Structure formats: structure tokens, C-alpha cells
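Just so it is clear: in the sequence shown, position 22 is 45 by this note's numbering, and no numbers are missing.
Note that the Cβ used here is the ideal one computed from N, Cα and C, for glycine as well.
What you are looking at is a predicted structure, and each value in this text was computed from that prediction instead of being measured.
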Amino acid sequence: QLGILSGKKEGQEISWKDLRSMKYTWQVLQETLRLYTQVAGIFRKAMTDIHYDGHTIPKGWQLLWATQTTHLNDKYFSEPEKFMPSRFDEEGNNLIPYSFVPFGGGRRMCP
Numbered sequence: 024q025l026g027i028l029s030g031k032k033e034g035q036e037i038s039w040k041d042l043r044s045m046k047y048t049w050q051v052l053q054e055t056l057r058l059y060t061q062v063a064g065i066f067r068k069a070m071t072d073i074h075y076d077g078h079t080i081p082k083g084w085q086l087l088w089a090t091q092t093t094h095l096n097d098k099y100f101s102e103p104e105k106f107m108p109s110r111f112d113e114e115g116n117n118l119i120p121y122s123f124v125p126f127g128g129g130r131r132m133c134p
């Protein structure tokens, strides 16, 4: 982190590339986004009838995926309420697809 910052001139802003190079800072950012999700939910359309817990959600209905419930699910993150940036280090970053979606997911995801 300091090596990147020390190469900057006074008042010079860090770039996106600089930020991505700051491994621990990036991990802290990712973990913060996991705990304090910016997107409250994502709407999805049922492509087929869905049978869940004795209920049927008909094809075509809109569903709201509350992403925070995924981010705080111990099925995907051990000790989910604990702040652990190491979840996103190179060794620990084997996330299940769509388990970390701070800005949505899929083809209509925010860039």
C-alpha cells in the first residue's frame, strides 16, 4: 500500500489501477461491500413455475432477491457477521458464484 502511495506526487490522486494493486485495501473494500451491501435487492423474473416450501411461484412473477441475506448466510461465508478481509485474499477467494453480489449479478449487473 505504502509503496504505491509513496510513488505519487503531493495532491496526485490514486487511480483505479493503483487501488486494484493495493491487495489488502482491495480486500477491505470487498469485505465492507459484503457487510454493508449497497443494493438492497435485485428483481428477477420466474422463468418457470417454482415450487418452494409448499408454495408455488408462478412463471412470470417477479421475485426480489435480498442480496444482504446471501452475504450474511453462513452457508457461503463462515462467521458471516465478522469483519474478515482475508475472505477475499487469493487463497480464500474461492467464492461460490453469485454469493458475493454487492452491485447485482448476471448480464444486467452494474458495471
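- Distance check between L56 and each of K32, G34, F111, P120 places F111 closest, using alpha-carbon atoms only.
- Put simply, of M70, T93, H94, S109 the residue whose alpha carbon is nearest the alpha carbon of Q85 is M70.
- Closest option to K68, judged by alpha-carbon separation, among G83, L58, N117, E54: G83.
- The beta-carbon distance between T93 and V51, rounded to whole angstroms, is 20 Å. This is too long to meet the 8 Å contact definition.
- Annotation for I119: Y99 place their beta carbon closer than 8 Å to its own, counting only its chain and skipping 5 residues before and after.
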